[in-house]
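Following this note's numbering, the numbering of the sequence shown begins with 967 at its first residue and continues without gaps.
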Amino acid sequence: GDASARRPIRELPDELISQIAAGEVVERPASVVRELVDNALDAGATQVTVRLSAGGVRLISVEDDGHGIPRDELSVALRRHATSKIASLGDLETVGTMGFRGEALAAVNSIAELTLHSRARGADAAYALDGRTGELRQVARSVGSTVEVRELFYATPARRKFLKTDATELAHCVEAVRRHALARPDVGFAVWHEGKLVEQWRATAARDPRLADALSDDFVARSVSVEHLLGAVRVEGRAGIPDAARARGDQQFFYVNGRFVRDKVLNHAVRSAYEDVLHGQRQPVYALYLTIDPARVDVNVHPTKIEVRFRDGREVHQAVRQAVEKALAAPRAGEAETPAA
Ligand code: ADP
Ligand code: MG
C-alpha cells in the first residue's frame, strides 16, 4: 500500500506491546538467563540452577530456593509492569533489588512458552502456571521457584535468525551466570546443558575464592587486592598486575551496588590507572565492586540496566582511578620490604 497514507491512531494490543518491549530486554537466550537469575537472587535464593537445551533456544529453566510466589500472585507476576519490588517513585531512588521494572516475565511470556512453578514460604502446596493458557495446577516441589522458558522467539522468526550457534549462545548464557556468580559468592550456581553439568560454583563466604573458582586461580594469583574509600564511594575487588593483561578485554568486571554494568566513566578510570604500567593494546583484567549511595546512581537508564548514570561521575572516576593506582603501587605479597614475622 501507500506508505504515506495516514492510518487512524490506535492503541496497540497488550500482547504486541509486550512483544515490542521484549525486543529491548531480550536479545538472546542469555538475556533471559540474566533476568531469571536476577529474580532468583531478588527472592533471596542460596542456590540457583540453570538448565539449558540447544543453547537456551529450546529450553531455559532457572530453579531457585528463594521465597517463592503465593498461588494468587502467580498470574500477576506475568503481567506487564507488575512488581513486588517498588511501589513508589521514592522507592526507585533507593532500589536495592536487581529488578524493579516488572517487565521481564511479561516480556519473556510474550515471545516464548513460559511456565512458572512456585511454592511460597509458609504455603502448604506448590503450583505451576502455564503462561499461555493461564491454567494453574498443583505440583510437588520445595519452597522456591522454577521458571521454564521454551522455544524462545518462536513468534518472531526474524529475531531467531540472528541467533548464533548453540555453542555460542550457551557461552553467552554461561557468561551471564558467571557475572552474577562473581557478585554473589554466598550463592551456589550450577549450569547444565543437555543434561550435562557445564559449570558449578559452590557457595563460599568470601569473594576471592569465588573469583578463583568462576574465573581462574591465575586471576587471583596475578592480581592485587583493591580497597579504597573516597567520600561516599567504596571500591573493592581485584585488579590484575600488568603482566596478566590480555589481548581481549574479556575479564573486566564492574559492579555497582552488586549489579554488573558497562560504563565509560568506569572503563576510563581503570584505563588511566594502568596508563603508566601497561603499554600497547593489551587489556587489564579486573573485578571491581563499587558501593555507592543508591540515590547517587540512576539504574533506570536502560531496560537491561547494564548502563547506569552517576550523579557525580567525577567523584566516581577519581575513586576508581585512585583505588586501582594505589593497589598497583602497593608492594605485593612475597615482594614486601620487610618479610612477615
Ligand atoms: P521485576 O523483577 O522487575 O519485579 P519481573 O517481571 O522479573 O519483574 O518479575 C515480576 C515479579 O514476579 C517480581 O517482582 C517478583 O515478585 C515475582 N518473581 C519473579 N521471579 C521470581 C522468583 N524466582 N522468585 C520469587 N518471586 C519472583
Ligand atoms: Mg526481574
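Cβ atoms here follow ideal geometry from the backbone N, Cα and C, with glycine treated the same way.
(request) Classify HIS1283 as helix, strand or coil using the three-state DSSP reduction. (result) Numbered from 1 along the sequence shown, position 317 holds the residue referred to as residue 1283. When secondary structure is reduced to three states using DSSP, HIS1283 falls in the helix class.
(request) Report buried or exposed for THR1049, applying the criterion of at least 16 other Cβ atoms within 10 angstroms of its Cβ. (result) Within the sequence shown, numbered from 1, the residue matching residue 1049 stands at position 83. Per the 10 Å Cβ criterion, buried.
(request) Would you list the residues whose beta-carbon is nearer than 6 Å to any heavy atom of the ligand MG, in the order they occur in the chain? (result) My final list is GLU1001, ASP1004, ASN1005, GLY1065 and ALA1070.
(request) Report buried or exposed for ASP968, applying the criterion of at least 16 other Cβ atoms within 10 angstroms of its Cβ. (result) Stepping through the sequence shown from its first residue, residue 968 is reached at position 2. By the neighbour-count rule (16 or more Cβ atoms within 10 Å), ASP968 is not buried but exposed.
(message) As a quick exercise: from ASP1209, LEU1232, VAL1042 and ALA1210, pick the residue whose alpha carbon is nearest that of PHE1219.
(response) Here residue 1219 is taken as the residue at index 253 of the sequence shown, counted from 1. When each option's Cα is compared against that of PHE1219, the closest is LEU1232.
(request) Identify the continuous alpha helix (DSSP H) that holds VAL1271 and give its terminal residues. (result) Here residue 1271 refers to the residue found at position 305 of the sequence shown. With the sequence shown as reference, residue 1271 is identified as Lys, and Val is not the correct amino acid for it. Unbroken run through LYS1271: none, as it is neither H nor E.
(request) Express the C-alpha separation of VAL1113 and ALA996 in angstroms, rounding to a whole number. (result) For the purposes of this step, residue 996 is taken as residue 30 along the sequence shown, with counting starting at 1. For the purposes of this step, residue 1113 is taken as residue 147 along the sequence shown, with counting starting at 1. Approximately 14 Å, taken between the alpha carbons.
(message) Suppose contacts are defined by Cβ-Cβ distances below 7 Å. Is ASP1031 in contact with THR1015 by that definition?
(response) The sequence position of residue 1031 within the sequence shown is 65, counting from 1. The sequence position of residue 1015 within the sequence shown is 49, counting from 1. Contact annotation: ASP1031 and THR1015 have beta-carbon atoms that are not nearer than 7 Å.
(request) Give me the Cβ distance between VAL998 and VAL992, rounded to the nearest whole Å; I'm assuming they're in contact under 8 Å. (result) Taking the first residue of the sequence shown as position 1, residue 998 is located at position 32. Taking the first residue of the sequence shown as position 1, residue 992 is located at position 26. Contact flag correct, Cβ pair sits at about 6 Å.
(request) Return the CA-CA distance between HIS1194 and GLN1249, expressed in angstroms with no decimal places. (result) Along the sequence shown, one-based indexing puts residue 1194 at 228. Along the sequence shown, one-based indexing puts residue 1249 at 283. Near 22 Å, if we compare the C-alpha coordinates of GLN1249 and HIS1194.
(message) In whole angstroms, give me the CA-to-CA distance for ARG1085 and GLU1029.
(response) Against the sequence shown, residue 1085 aligns to sequence position 119. Against the sequence shown, residue 1029 aligns to sequence position 63. Roughly 12 Å separates the two Cα atoms.
(message) Restricting to runs no shorter than 4 residues, where is the alpha helix (DSSP H) found entirely within the region 1022 to 1107?
(response) Within the region 1022 to 1107, the runs of alpha helix (DSSP H) at least 4 residues long that lie entirely inside it are, in chain order, 1040 to 1043, 1055 to 1059 and 1070 to 1077.
(request) Indicate the three-state DSSP secondary structure (helix, strand or coil) for ALA1205 in the structure shown. (result) Within the sequence shown, the letter at position 239 stands for residue 1205. In this structure, ALA1205 counts as strand in the three-state DSSP scheme.
(request) On the DSSP bridge assignment, give the partners of ASP1264 in chain order. (result) Along the sequence shown, one-based indexing puts residue 1264 at 298. ASP1264 is bridged to ARG1275.
(message) Is it the case that the region 1117 to 1137 contacts the region 1051 to 1066, given that we only count it when at least three CB pairs across the two stretches are under 8 Å?
(response) Too few Cβ pairs lie closer than 8 Å, so no.
(request) Give the DSSP-derived three-state secondary structure of VAL1290 in the structure shown. (result) For the purposes of this step, residue 1290 is identified with residue 324 of the sequence shown, where counting begins at 1. DSSP places VAL1290 in helix when its eight states are reduced to three.
(request) For ALA1156, collect the residues of the same chain with a Cβ closer than 6 Å to its Cβ; drop the 5 residues on either side in sequence, then sort them by chain order. (result) If you number the sequence shown from 1, residue 1156 lands on position 190. Cβ within range, chain order: THR1015 and GLN1166.
(request) Consider the C-beta atom of ASP980 and the heavy atoms of the ligand ADP; say whether any pair is separated by less than 6 Å. (result) If you number the sequence shown from 1, residue 980 lands on position 14. No - the ligand ADP has no heavy atom lying nearer than 6 Å to the Cβ of ASP980.
(message) Looking only at its chain, what residues have a beta carbon closer than 7 Å to the beta carbon of VAL1192, apart from the 5 residues adjacent to it on each side?
(response) Position 226 of the sequence shown, counted from the start, is the residue given in the question as residue 1192. Correct list, in chain order: VAL1201, GLU1202, GLY1203, ARG1204, ALA1205, LEU1254, ALA1289, VAL1290 and ALA1293.
(request) Within the same chain, show all residues whose beta-carbon is closer than 8 Å to that of TRP1158, passing over the 5 residues directly before and after it, in chain order. (result) Position 192 of the sequence shown, counting from 1, holds the residue named residue 1158. Same-chain partners within the cutoff: THR1015, VAL1016, ARG1017, LEU1018 and VAL1164.
(request) Evaluate the contact criterion for the region 1089 to 1109 versus the region 1054 to 1066: three or more CB pairs, one atom per stretch, below 8 Å. (result) These segments do not touch.
(request) Would you kindly check if the distance between the Cβ of VAL1267 and the Cβ of GLU1273 is under 7 Å? (result) Start at 1 with the first residue of the sequence shown, and residue 1273 comes out as number 307. Start at 1 with the first residue of the sequence shown, and residue 1267 comes out as number 301. Between GLU1273 and VAL1267, the gap from beta carbon to beta carbon is short of 7 Å.
(request) Mark GLY1110 as exposed unless 16 or more other C-beta atoms lie within 10 angstroms of its C-beta, in which case mark it buried. (result) Position 144 of the sequence shown, counted from the start, is the residue given in the question as residue 1110. By the Cβ-count criterion, GLY1110 is buried, with 16 or more other Cβ atoms from all chains shown falling within 10 Å of its own Cβ.
(request) Evaluate GLY1034 with the Cβ neighbour count: other Cβ atoms within 10 Å of its Cβ, from every protein chain shown; 16 or more gives buried, anything less gives exposed. (result) On the sequence shown, residue 1034 is found 68 positions in, with the first residue counted as 1. For GLY1034, the number of other beta carbons within 10 angstroms of its own is at least 16, and it is reported as buried.
(message) Please return the same chain residues whose Cβ sits closer than 7 Å to the Cβ of LEU1129, not counting the five positions on each side in sequence.
(response) Looking up residue 1129 in the sequence shown gives position 163. So the list reads ARG994, VAL1023 and GLU1135, once near-sequence residues are dropped.
(message) Given this structure, state the Cα-to-Cα distance separating PRO1151 from LEU1080, to the nearest angstrom.
(response) Here the question's residue 1151 lines up with position 185 in the sequence shown. Here the question's residue 1080 lines up with position 114 in the sequence shown. When rounded, the distance between both Cα atoms is 29 Å.
(request) Could you pull out every residue in the same chain whose Cβ sits closer than 8 Å to the Cβ of THR1060, ignoring the five residues on either side in sequence? (result) One-based indexing of the sequence shown puts residue 1060 at position 94. If we look at THR1060 and ignore the five residues flanking it on each side, its Cβ neighbours are PRO1260 and ALA1261.
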